[in-house]
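Participant:
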Amino acid sequence: FICPNTTRWNSIFLAANRFLVVKDRLLKFWQEWNPVGADTGLHPADMLTTDDWLELELIHDALETFHAATMHVEGHGTFLSNWTNAIDMLMDMIGEARDNFKKLAVENKQEQG
Numbered sequence: 004f005i006c007p008n009t010t011r012w013n014s015i016f017l018a019a020n021r022f023l024v025v026k027d028r029l030l031k032f033w034q035e036w037n038p039v040g041a042d043t044g045l046h047p048a049d050m051l052t053t054d055d056w057l058e059l060e061l062i063h064d065a066l067e068t069f070h071a072a073t074m075h076v077e078g079h080g081t082f083l084s085n086w087t088n089a090i091d092m093l094m095d096m097i098g099e100a101r102d103n104f105k106k107l108a109v110e111n112k113q114e115q116g
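Residues in the sequence shown are numbered from 4 upward in steps of one, following the numbering used here.
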């Protein structure tokens, strides 16, 4: 069950993860879909571009560490050492994610002009 939640990143991570798991099926659906004849509410503009998929993968990868950290510290028997390890892991990942998103922004800017 995937539910949007403004206070937890795990919902977004799980939704992105599921979307990436079914990526091939979604791409096949869009290739075979014929919009002529019936209004299904789907429009070709809703199809993800290569850049959209890349951005989703970057978001997924960035949130994966947060998901792992949340799982690492959840429960009643958590010690302070669990939290410090999780924070160290998150700090490393935040820097890496920042660099990846900056790189994507530069590439997009170069493509646009």
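Ideal placement from N, C-alpha and C gives every residue a C-beta, glycine not left out.
1. For the candidate residues HIS46, VAL39, MET50 and ASN13, whose alpha-carbon lies nearest to that of ARG28?
2. Can you tell me where the alpha helix (DSSP H) with TRP56 in it begins and where it stops?
3. Can you give the beta carbon distance from TRP36 to LEU30, rounded, assuming they're within the 8 Å contact cut?
4. In whole angstroms, what separates the C-alpha of VAL25 from that of PHE32?
5. Going by Cα to Cα distance, which pick from ALA72, ILE97, ALA100 and ASN13 is closest to THR87?
6. Does TRP86 come out as helix, strand or coil in the three-state DSSP assignment?
7. Over the uninterrupted alpha helix (DSSP H) stretch that includes ASP27, give me the two end residues.
8. Please list, in chain order, all residues of the same chain as ASN20 whose beta carbon is under 7 Å from its beta carbon, the five residues on each side excluded.
9. Distance, Cα to Cα, GLY98 vs LYS105?
10. For ASP49, does the three-state DSSP call read helix, strand or coil?
Facilitator: The relevant details are as follows:
1. Put simply, of HIS46, VAL39, MET50 and ASN13 the residue whose alpha carbon is nearest the alpha carbon of ARG28 is MET50.
2. Run containing TRP56: 53 to 76, per the alpha helix (DSSP H) assignment.
3. In fact, because the Cβ distance is near 11 Å, the residues do not count as touching under 8 Å.
4. Rounded to whole angstroms, VAL25 to PHE32 spans 11 Å at the Cα level.
5. Between THR87 and the set ALA72, ILE97, ALA100 and ASN13, the nearest pair of CA atoms involves ALA72.
6. TRP86: helix per DSSP, three-state reduction.
7. Going by DSSP, ASP27 is part of the alpha helix (DSSP H) stretching over 26 to 35.
8. Apart from the 5 residues on each side of it in sequence, ASN20 sits with its Cβ closer than 7 Å to the Cβ of HIS63 in its chain, given in chain order.
9. Cα-Cα distance, rounded: 11 Å.
10. ASP49 falls in the helix class under three-state DSSP.
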